[in-house]
Each structure stands twice: as C-alpha cells, then as structure tokens.
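Everything on this sheet refers to the single structure shown next.
Chains as they are written, first to last, in this note's numbering: chain A, 1445 to 1804; chain B, 967 to 1492.
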C-alpha cells in the first residue's frame, strides 16, 4: 500500500517559510502594489490559433513601486514582475508587500527572450506565500526578513547556530504566522542540535499556553516528540483533554503517531467517551502504530451504535495489524449483527490481511 | 443478479431463449452489456451542511468532520461552501473476455490501500474482474491523501470520509452491475488545437499548458520552447442497443489538471470537468464521466486563455466563468466528433485486461523517508517493503552532515499498474501523474488500437512519472546538506534543482519500474 503516496502528489511541502524565501531569492524588496492585473505585451511568436482578431500576445504581471531593497541589487522605482507556477499569490492594489524575486531567465518555462527583456524578474511566491506588511505583524515580518538577510552574510560555520537561535526566538514570538513558519523551519531541520534547557522550556511554555493556536501547539508538540524531547507524553494527554470539538480530532490524529502508555490510555478514554467525532478520530489514531494494547478497546467499539465509529474501529484494528487485531476482525466479519459492519470488516481483512482470505 | 456464474447464465440463455418466447432475456444476451452508476461524494461537514442545502436545495448528509481542508495547493485552505457537487461516476462493461468497472472520483487522489478496501466491499456476486478507481486530480475538493491540513505537520485527512467514499464506490459498482443491459460502444479521438487562444507564451493553443519545462524538453520540443503536452481528447460513448440508441455514458479522457480555479478558491467544485459533463449530458444525454490522462508534469489550464463567446475577450483566469467556457469548449469538441460518427458502435467488443500488483517502486527520496519517519505523512500503516515484505522502523543512513536525520527504512513502496482493451480501444491504467512523453511511448505500444486512452491516477497516486533521461538527481543527492542547512557545502551547489517535480518524487526509478511492468502488459494485450 502507499498511504504515503499523497506526499508524492505535485505539491510543495507546504508554505515556503520566510527563511526559505530569503535564502532562495536573488532579490528581496519591500514594495507597494500599483497594479495587480498588469501585463507585459510581447511580439507574436506563432500565429493565433483562433480565427478572430486577437489582442497582442501578453503575459500577466504585477506592477509594484519598490520602496526598499533588502537583498540583492535593484534600483528603486516601478517594476513589473512575473508570477509562475502551480498557484500564485494574489495581490491587490495599494498593498505593501514583501516580494522575493529570481531572474526570469533562470525560470525554464519563462526563458523566452521576449519575456526576459520585458520582465526580467519573476516572483518565487506560490499560492499562499503573499506577505503583507500591515500593522505590528508586518513590522515584525519586515524585521525578521532583514535579520534573515543578515544571517545569510555570516560565515558558514556560524550560520547554523545563529539561524537556530533566531528560529527559536521567532517560535516564541507573538506573531502567529512568523511562529508557524519558524516551526516549519524547525521541522525541516534548520535546527539540528539538541535543544538547550532554556530553549526547551520556552517551547514547552508555548505548548502550555492555551492562548496559542491549537494547530501550532500540536505541530510543535509533534516536532518535540519526534525529537525525543522529555515530558511530551504528559503534554499530549494535557492537550487531548483540553482540546474541544474539531480541535480534539486534530490532536487525536497527531497524538496517534507518538504512542506511549499515557497517550494510548488517553486515546482509549476518548474512544470510550461521548463525543462521536473525537471517538472516531481516536479509533483511527490508535491504529497509528505502537498501540497494540488498544485492541480490546477497539473491539468493544465494534459494538457502538454509531456506524462511523464501528468503521473507524475496524480501520484502527487493520492498521494495528497482528494476530489479536486480525482475530477481532475475523470475528466481526463473520458474526457481527450488522451486515454493513461485517462487509467492512471483511474488506479490511482482504485489504490488510490478504493471506487470511481462505480462512474467512 | 443470479448467483450462477456468468458463463453459466449465458449458456442457459442461449439454450433457453427459444423456449422463452417474448420474455425479456437481455441480461443473458451475448455481447456487450453495460451499466452505469453515480454517487454524490461531496464532503459535507457539520458546519457546511447548511451551505450544502443552500447550494443544492436539499439537505446534505454529514460525511466529513470539520474542517474540510481543500487539497492540491497550499496548506490550511478550508472549504467555505459549494459551487457544484463532487461525484463518483462509474460504468461497468461486461462482454466476452471479462467484466471491467471504471469509477472516476472528483478527488485529488486515492491511495491503493483504499482501492483495495473498495474491492473488498464490492459484492462477490458482482463478479467484477477488474476495478479501476480513478481520481480526476481536481484541486478544489477534500484532502484524501493527508498532506493539506492546517500545516504540514497536521493531516487534513478524515478517515470517516474515506469510509464513506469507499462504501459509495462499492455500492455504485454493485448497482451498475445490477443494471447491466445490452449495449454498444463507440469511440472518437479529437485534438485540442484551437481550444485556447495562444496569447500567453506558455499557451500553445491546445487547451492545456505545460508549466514545468525540464532539462531536455527544449531539445525534444523546440517549436514550443520545451513545453510538452498531450493534446488528444479521446471519448468512449456507450449506447443502448435498441432504438433510439440512447446514450448511457460518455467517458472523456484529456490530460489537464482540473485546477482552473486556482489556489484562491475555497468553494468545493470539480472544476472545469463539471462543465464538460454538464454540456455533454445536455447534448448527448446519459451520464458523462471525466477521466484525467497523462497530465504530468503540471499540464493544466492555469496559464492558458480561452475565448469567452459572450464578451469576445479572454475569460478571466481563475474564475468559474473561465471553467465554464473551457469545459464547454472541451465538451463541444467531443460532441462534434461523436456526432460525425456513422457506425452505431460495436455490440460485441472483445474485452481483455491484465494487471500487475504489487509493483515495487524503489523509494529514493530522502525527504519522503524523513517525512515518513517523523509521522508528517499520514501513513495508514508501515508503508515500505523490502523483498516484498513490509518493513517498519527508522535508521540514520545519510552521510554527514545529515547523519542525525531519521529515515524510514525499507526499500520499496508498492503500487499497481493495469491495462485493458474494449474492442478497438485500448486503455492504460497508471498510478502516476504521467509525463506525456511516456504517454506517447505507451500509445505506441497499443498497436492495432484505433483509440488510445491513458487513465492517470488509476488505482493509486504516487506522484510524478518522468522519463529517467530527464531526471536531475541533485536535489536528492544534496538532501543531507539541504536538511542540515548547508546546501552550499554540497558538491552540486549551486546547481541543485529542487523544483517540485524532483523534490516531491519517489525517485529516478519510478519510470523504469512502472514502464518495466506496463510495456510488457501492453504487448501482452496487443
């Protein structure tokens, strides 16, 4: 099977972080959008394909007024830049933004000499990479971009430590977007040294802060867990108990990847609780590996009145694998009172335990 | 349907028919029989149920938890409402040689593990020999793969929704089998020339643009500055065998990402295939099925312009009007071609099929091994295999400076490939986003077939399939340095190409492995 197959879809790993954009760009500018629907006109290359009078060949572009060049060499003033790729950032006139540029001639798809001449620069920013400079968050982002530019100028042996320190600093800052991008940097391993006690305490405090976004807390807890930092299992339990509604399902799914006696017990408690959605999420999460002790609880869930929970329990058992889970599924496939559940259990056995087909 | 084997039923029919008088015996008549089915698989979460009712005039049954993360572009794009519904649209074709079911899902992709579950759910009495579950790869529907959640560390996948889809597809197939009736099939192959306006340098006027030119493409396709697309628009029309020969289904195969709405849209939609299907159904009747073809690498409508007949101007990109104009023009091209056919169609097409499963594809990408290792990917179980056996666990095999980075062990991931023929048409079923250059190779192997279909994202989604000759290994080779923030120390620096087709790719062996199984399959069938 290939559940990981999704990761091979043609998507980026997620948002580009501020750090990555600064590193990848030849030129970084602060600019104000003049026309978000501009275009550069080009001489025709090949005859039009429809038999009507068409406008000139053109390429959509963004027109901005450059106010500051943070990185690279570019005169201030008006600039047309191109956008390219699988989804691009959307702009509106008058917005103040950070733009990360690469030479158009370096983009294979746009390396047409006519385009290169008309618009020498192309933005690296994709889909949701627009960085607006508004309010205190905008000021913090601009300051962070300047700091990343400065970091790039450090000697190679000093750079990782300086970048790591700044990553931790941003993760504990007030701005949620900067903190989230720094978390991605941490996950993508801009920081590869063991955390200091001070940094660890600062990050754990962020997880403990109920005012922080749950997505951020869960992401940070996942990262610290996979790094083997101590005291994460008790925090999973804390966050599992604290989360409400849809957030709790999100926490369940994430917690399932980090099994421990405490986490398994907390997920089982949710599985046996009153909240249907959370119980379903817990049932699947318990199949995430390392929760073999949850087989009896999942077996009990097969008697639940909610068919969604029964299906989730079947999926959890299939994911756990092993003899005891298979035995429960065989029993459900042959003897469950609900025919739909029998079919689903049977299908799970066929998909997950193909060797058991003859016994069924 | 009777529990008797199909072969027994046909023999019984042939023997008994003279004695049955005027009794209907179509189920047992030899030759092609076809059935169709459709299921609404629109994700409905508690918070979106009211929006569903507003959009479609009927209450939505909740089948998804909140939020519904939209797949295909960036993380944390949450659905806010609906434009049109997502569907599972299927047809079952039964004839001499086998019974084949094809179900197209308006989804970004569907993993082989779920397809196997669906196969287990389809009733044994349906006696389907080969089930193809295809995803259109649309980018305006729910995350069914798990990588578009709130952030890259949090899955956007709802397994309860997968259970819902699995049940829907299985019941759809069973229903189509129960509704089998005698039918004919005919085919048309059109060409995309003129479907777009060619105003943009990336737009060759073929109705689709290649937004990812690779090293070597400019040598292969100098006239288009290296852009390579598949301009073929193939169609299979299934019609009733009796007068007035109503259309039962029309399957359309074209190689373009259904993503014309772009990353700014938050309304659930099947994108331009919605309008293709609406138009075809209005013009031809029956049910229309959209099947995406060899749409890799990044073939799509994002950088084309289409002529809006209402304004005489290019339709505004990334708008529903663009999707409507584009979809309608694609459909009209198909309708026009089918209308020009004189034969009624083939009532006794020979059906044949062949599959290989598992296909073990070596996983070379260190980034994926890292993501699997750290649980960023919402893996359903241990995902990797060595010598055919599942393997789980971690190691640290990368050289310095990345020797501290965890990697999932196990050599291969498992997937499947398939191919089938129905009369004068041939179909390749690939688990990938296939480069059209490779698509051409497969079509060349379909010798004797008059119409050649490529079903991309068939029974799995493992990402890009590039010709290995165009592979640039610098990104994978430098992974240890990149992850350790020291790419400038990598010997390939500064020539490290980590664009998405290399970074998000199983590895250089995808094409040799898939083609190594696919080409013999095609030769076996032709």
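The beta-carbon is built from N, C-alpha and C at its ideal position, and this holds for glycine as well.
{"query": "Please name the residues in the region 1767–1796 of chain A whose beta-carbon is closer than 9 Å to at least one beta-carbon of chain B, in chain order.", "result": "1784, 1787, 1788, 1790, 1791, 1792, 1793, 1794, 1795, 1796"}
{"query": "Going along the chain, which residues of the region 1011–1032 of chain B sit with their C-beta nearer than 7 Å to a C-beta in chain A?", "result": "1031, 1032"}
{"query": "Roughly how far, in whole angstroms, is the beta-carbon of residue 1007 of chain B from the beta-carbon of residue 1054 of chain B, given that I think they are within contact range, below 8 Å?", "result": "5 Å"}
{"query": "Listed from N- to C-terminal order along the chain, which residues in the region 1111–1130 of chain B have their beta-carbon within a distance smaller than 9 Å of any beta-carbon of chain A?", "result": "1111, 1112, 1113, 1114, 1115, 1116, 1117, 1118, 1119, 1120, 1121, 1123, 1124, 1125, 1126, 1128, 1129, 1130"}
{"query": "With 16 as the cutoff for other CB atoms within 10 Å, does residue 1151 of chain B come out buried or exposed?", "result": "buried"}
{"query": "Determine the extent of the beta strand (DSSP E) in which residue 1003 of chain B is found, giving its start and end residues.", "result": "999–1006"}
{"query": "With a Cβ-Cβ cutoff of 8 Å, do residue 1501 of chain A and residue 1486 of chain A count as a contact?", "result": "yes"}
{"query": "Can you find at least 3 beta carbon pairs, one from the region 1257–1271 of chain B and one from the region 1385–1400 of chain B, that sit closer than 8 Å?", "result": "yes"}
{"query": "Restricting to runs no shorter than 3 residues, where is the beta strand (DSSP E) found entirely within the region 1526–1555 of chain A?", "result": "1540–1547"}
{"query": "Between residue 1690 of chain A and chain B, is there a C-beta pair that is closer than 8 Å?", "result": "yes"}
{"query": "Report, in whole angstroms, the separation of the C-beta atoms of residue 1215 of chain B and residue 1057 of chain B, which I expect to be a contact under 8 Å.", "result": "5 Å"}
{"query": "Are residue 1540 of chain A and residue 1644 of chain A touching if we call contact CB-CB under 8 Å?", "result": "no"}
{"query": "Go ahead and label residue 1413 of chain B buried or exposed: buried means 16 or more other beta carbons lie within 10 angstroms of its beta carbon, across all protein chains shown.", "result": "exposed"}
{"query": "Please tell me whether residue 1738 of chain A and residue 1781 of chain A are closer than 8 Å, where the distance is taken between their beta carbons.", "result": "no"}
{"query": "Using a C-beta to C-beta distance shorter than 9 Å, which residues of chain A count as neighbours of residue 1006 of chain B?", "result": "Chain A residues near residue 1006 of chain B: none, gap ~18 Å exceeds 9 Å."}
{"query": "Between the alpha carbons of residue 1745 of chain A and residue 1718 of chain A, how many angstroms are there, rounded?", "result": "12 Å"}
{"query": "When the Cβ atoms of the region 1316–1331 of chain B are set against those of the region 1373–1387 of chain B, are three or more pairs found closer than 8 Å?", "result": "yes"}
{"query": "Which runs of the alpha helix (DSSP H) fall wholly inside the region 1411–1446 of chain B and span at least 4 residues, in chain order?", "result": "1440–1443"}
{"query": "Please state whether the Cβ-Cβ distance between residue 1545 of chain A and residue 1471 of chain A is less than 8 Å.", "result": "yes"}
{"query": "Which one of B:1019, B:1109, B:1065 has the shortest CA to CA distance from residue 1030 of chain B?", "result": "B:1109"}
{"query": "Assuming residue 1155 of chain B contacts residue 1200 of chain B under a Cβ cut-off of 8 Å, what Cβ separation, rounded to an integer in Å, is found between them?", "result": "5 Å"}
{"query": "Residue range of the alpha helix (DSSP H) that residue 1481 of chain B falls in?", "result": "1476–1491"}
{"query": "When the Cβ atoms of the region 1118–1133 of chain B are set against those of the region 1158–1167 of chain B, are three or more pairs found closer than 8 Å?", "result": "no"}
{"query": "Taking just the CA atoms, how far does residue 1047 of chain B sit from residue 1466 of chain A?", "result": "35 Å"}
{"query": "Flag this pair as yes or no: are the beta carbons of residue 1120 of chain B and residue 1563 of chain A separated by less than 8 Å?", "result": "no"}
{"query": "Anyone know if the C-beta pair for residue 1429 of chain B and residue 1384 of chain B falls short of 8 Å?", "result": "no"}
{"query": "Taking buried to mean at least 16 other C-beta atoms within 10 Å of its own C-beta, is residue 1601 of chain A buried or exposed?", "result": "exposed"}
{"query": "Which residues in chain A have a C-beta closer than 8 Å to the C-beta of residue 1166 of chain B? List them in chain order.", "result": "1501, 1502, 1503, 1504"}
{"query": "Based on DSSP bridge pairs, tell me the residues matched to residue 1383 of chain B.", "result": "B:1322"}
{"query": "Is residue 1179 of chain B close to chain A? Criterion is C-beta to C-beta, closer than 8 Å.", "result": "yes"}
{"query": "By the three-class DSSP mapping on this structure, what secondary structure does residue 1240 of chain B have?", "result": "helix"}
{"query": "Could you give the residue range of the alpha helix (DSSP H) that holds residue 1641 of chain A?", "result": "1641–1652"}
{"query": "What do you reckon, are the CB atoms on residue 1140 of chain B and residue 1107 of chain B nearer than 8 Å?", "result": "no"}
{"query": "Give the DSSP-derived three-state secondary structure of residue 1183 of chain B in the structure shown.", "result": "helix"}
{"query": "Return helix, strand or coil for residue 1399 of chain B, following the three-state DSSP convention.", "result": "strand"}
{"query": "At 4 residues or longer, what runs of the alpha helix (DSSP H) sit wholly inside the region 1561–1626 of chain A?", "result": "1579–1596, 1603–1615"}
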